[in-house]
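> I'd like to ask some things about the structure below.
In the numbering used here, the protein residues as written are 4 to 411.
See below:
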């Protein structure tokens, strides 16, 4: 990408409504642009980050044997009535009448849709498990949208649904997905604490949240001093400030951002929606259901909250829009750009007619993992290498630089 042809220009000033690091830096770098309160557009460079996040998640969802699909966003009231959730979901679900006076809503979750899909065919014990995930825009009414991508009314989410013939099979897969979540968040550069939580509007059972420590976080996690189990505030009050895992009563309390969750939903939806399967003796039985979510746009905002300094974003290599930000200060940079491309390196090339200071400032703001500079003081046949998360710069041959990038 040449910045001379990329028309979304960076900003020096922070937008007045930016109330967090991710809102400020992503807006200044033109990764996102606010549409209205709690709603953001993703500009091309920001969408590359989102695609990279989804690619990591997709890889590990596929590794669990799940298949990717896509469910409807516009959903009939009658579908939600079958599970008894139309009324209980009113506080967060956008509900309205269409032009034909039909009551519909914008799905903020898809348990009902998934179970209804299974009801469209005869179900046998031999067919299980069913495992389908999707990436979809969700809508939830948030009374106080804030913190950029961390709390919005429209957001992108990965949700996985699994149906099982037995509770034992569900629990085995449930643990497999939780393990995959730990791997995903490690690759995204988000250290997480697996946290015991309530089921909210989804289930009466306990659920699990994946929380990351951050001063901007609005959740509180109690971390047991004895076994290091995480417990959210709502649950710790229910269990009398005693760790349900080891009985410990001493905790450290951390502010956190929730980036993922998993719900063991039991047979609630199968029973409420009257969808059953035939067991080996042809007896109709309810099946077990679980759901598993990761906020994609929230993950992007969280990465920025965890990986930035006073100059800008520091993208982890796994999600960065490009591996290299090439700062061209002499005509020789054009040849370097072409050689990087030929070597298969993703490059953002600043070929604009700006001062060195302006180009370096944008390189720091945009946050690619490596900055390579070709300037008047750069020795012939060499480039200047600087890691975004470091202070030191080194001169080296382009061949050496390319080999380092490929090793990383």
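Every residue, glycine too, gets a C-beta built ideally from N, C-alpha and C.
For the alpha helix (DSSP H) containing residue 308, name the first residue and the last one.
That run of the alpha helix (DSSP H) goes 299-309.
> Quick one: using the 10 Å Cβ neighbour count with 16 as the cut-off for buried, is residue 92 buried or exposed?
Classification for residue 92: buried.
> Please state the DSSP three-state secondary structure of residue 46.
If DSSP states are grouped into helix, strand and coil, residue 46 belongs with coil.
> Any contact between the stretch 290-297 and the stretch 113-127? By contact I mean 3 or more CB pairs, one from each, below 8 Å.
Yes, the stretch 290-297 is in contact with the stretch 113-127.
> Per DSSP, which residues does residue 53 bridge with? Please list them.
Answer is none; residue 53 lacks a bridge partner.
> For residue 250, does the count of other Cβ atoms within 10 angstroms reach 16, so buried, or fall short, so exposed?
So residue 250 ends up on the exposed side.
> Here's a check: name, in chain order, each residue in its chain whose Cβ is nearer than 8 Å to the Cβ of residue 22, leaving out the five neighbours to either side.
Hits under 8 Å: 149, 150 and 151.
> Any idea what DSSP makes of residue 322, helix, strand or coil?
Here residue 322 sits in coil by DSSP.
> What does the alpha-carbon distance come out to for the pair residue 198 and residue 112?
When rounded, the distance between both Cα atoms is 21 Å.
> Please identify the residue among 137, 217 and 358 whose C-alpha is closest to the C-alpha of residue 73.
Nearest of 137, 217 and 358 to residue 73, Cα basis: 137.
> Tell me whether the stretch 94-106 and the stretch 25-36 touch, counting them as touching only if at least three CB pairs, one residue from each stretch, are closer than 8 Å.
Judged by Cβ distances under 8 Å, the stretch 94-106 makes no contact with the stretch 25-36, as fewer than three pairs qualify.
> Can you pull the DSSP bridge partners for residue 213?
Answer is 197 and 263.
> For residue 271, tell me which candidate among 404, 87 and 259 has the shortest Cα-Cα distance.
Selected option, being the one with the closest Cα: 87.
> Are residue 25 and residue 308 closer than 8 Å when you measure CB to CB?
Against a cut-off of 8 Å, the Cβ pair of residue 308 and residue 25 comes out as a contact.
> Under the assumption that residue 80 contacts residue 108 (Cβ atoms under 8 Å), give the Cβ distance between them as a whole number of angstroms.
Right, the Cβ-Cβ distance comes to about 7 Å (below 8 Å), so this counts as a contact.
> Would you decide whether residue 230 is buried or exposed? Buried here means 16 or more other CB atoms lie within 10 Å of its CB.
Under this definition residue 230 is an exposed residue.
> Between the C-alpha atoms of residue 49 and residue 300, what's the straight-line distance to the nearest angstrom?
Taking the straight line from one Cα to the other gives about 10 Å.
> Roughly how many angstroms lie between the CA atoms of residue 227 and residue 254, to the nearest whole one?
For residue 227 and residue 254, the distance between alpha carbons rounds to 5 Å.
> When DSSP labels each residue in this structure, what does residue 387 get in the three-state scheme?
Residue state, collapsed to three classes: strand.
> Cα separation between residue 172 and residue 262?
Residue 172 and residue 262: Cα-Cα distance of roughly 26 Å.
> Under a three-way DSSP split, which group does residue 294 fall into?
Residue 294 falls in the strand class under three-state DSSP.
> Got a sec? Which residues, its chain only, sit under 7 Å from residue 156 by beta carbon, not counting five neighbours each side?
Same-chain partners within the cutoff: 41, 42, 142, 143, 144, 145 and 148.
> When burial is assigned at 16 or more other CB atoms within 10 Å of the CB, is residue 194 buried or exposed?
Per the 10 Å Cβ criterion, exposed.
> My parser needs the beta strand (DSSP E) runs of 3 or more residues fully inside the stretch 219-265; what are they?
Whole beta strand (DSSP E) segments, 3+ residues: 222-227 and 233-235.
> Do residue 177 and residue 134 have their beta-carbon atoms positioned less than 8 Å apart in this structure?
Not in contact: residue 134 and residue 177 (Cβ atoms no closer than 8 Å).
> Tell whether a beta-carbon distance below 8 Å holds between residue 348 and residue 328.
Taking 8 Å as the Cβ cut-off, residue 348 and residue 328 do not qualify as a contacting pair.
> When burial is assigned at 16 or more other CB atoms within 10 Å of the CB, is residue 210 buried or exposed?
Buried, because 16 or more other Cβ atoms sit within 10 Å of the Cβ of residue 210.
> Comparing alpha-carbon positions, which option in 110, 60 and 122 lies nearest residue 83?
Ranking the options by Cα distance to residue 83, first place goes to 110.
> So the candidates are 290, 189, 332 and 383; which of them puts its Cα closest to the Cα of residue 56?
That would be 189, whose Cα lies nearest to the Cα of residue 56.
> Under 6 Å Cβ to Cβ from residue 18, same chain only, skipping five residues before and after it: list those, please.
Taken in chain order, the residues that qualify are 30.
> Between the Cα of residue 47 and those of 183, 324 and 192, spot the shortest distance and give me the residue it belongs to.
For the residues 183, 324 and 192, the minimum Cα distance to residue 47 belongs to 324.
> Note down the Cα distance separating residue 315 from residue 289, rounded to an integer number of angstroms.
Approximately 52 Å, taken between the alpha carbons.
> Can you name the start and end residues of the beta strand (DSSP E) that residue 164 belongs to?
Run containing residue 164: 157-167, per the beta strand (DSSP E) assignment.
> Buried or exposed for residue 44, going by 16 or more other Cβ atoms inside 10 Å?
Flag for residue 44 reads exposed.
> Beta-carbon within less than 7 Å of residue 404's beta-carbon, same chain only, minus the 5 sequence neighbours each way: which residues are those?
The residues are 375, 386 and 388.
> Would you kindly work out how many angstroms separate the C-alpha atoms of residue 317 and residue 364, rounded to a whole number?
The straight-line gap from Cα to Cα measures roughly 13 Å.
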